[in-house]
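The block underneath contains the structure these notes are about, expressed in C-alpha cells.
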Amino acid sequence: MELPTGTYKGCRARGTIEAMRLDEGDYHLKPYVSSDPELTVTGRTEKDEFLILASDGLWDVISSEMACRVIGKCLEVLASDGYPCGVANSAAKEATAVLVRLAISRGSVDNISVVVVKL
4 MELPTGTYKG CRARGTIEAM RLDEGDYHLK PYVSSDPELT VTGRTEKDEF
54 LILASDGLWD VISSEMACRV IGKCLEVLAS DGYPCGVANS AAKEATAVLV
104 RLAISRGSVD NISVVVVKL
C-alpha cells in the first residue's frame, strides 16, 4: 500500500494490511491473527493505588514495572502540588499524558491508548 509519504512498513498478515478488521470474509488470515483478547484476572488488595489500561503501543516500549513507577511518581508529585483529594481524576489524567508522551519519545510506532484509574 503506497502512502503519500512512502511505502507502508508496518506489520502485515500474509501481505495484507486489512488484518486489523477480521470479519467473516477474512478466513485466510485466521491462522495468523486472533480476535481473541488476552485477559488476566488479578485480585485487588488494599495496597493497590491505580489501574493502567493500555494498548500494545505503550507496552511495546515500556515495561509494566516502568509504567507503575512513572504513574506512582506522577500521582505523588501531583498530590504534593496541592491537588485536593477530590481531584484524583485530574491527577490520573495528567499521569496518563505522561505515559503517552514517554511511549512516543521511546519510538512507539503503534496506536497508543492509555487510561489510568486512581483507585
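Basically my numbering = 1-based index in the sequence shown + 3.
Think of the CB as a built atom: it goes at the ideal place given N, C-alpha and C, for glycine as much as any other residue.
Computed from a predicted model, the values in this text were never measured in an experiment.
Distance check for S111 and D63, CA to CA, integer angstroms please.
7 Å
Out of T99, R109, A70, L122, which one is the CA nearest neighbour of S116?
It is T99.
State the DSSP-derived secondary structure class of V119, mapped to helix, strand or coil.
strand
Whose CA, out of A94, I107, L54, T45, lies closest to the CA of L61?
I107
Which ranges does the beta strand (DSSP E) cover as unbroken runs of at least 3 residues, wholly within the segment 36-65, from first to last along the chain?
Complete beta strand (DSSP E) runs here, min 3: 53-57.
Got a sec: is the Cβ-Cβ distance from D59 to anything in chain B below 8 Å?
Here chain B cannot be found, since the structure has a single protein chain.
Going by DSSP in three states, V103 sits in which element: helix, strand or coil?
It is helical.
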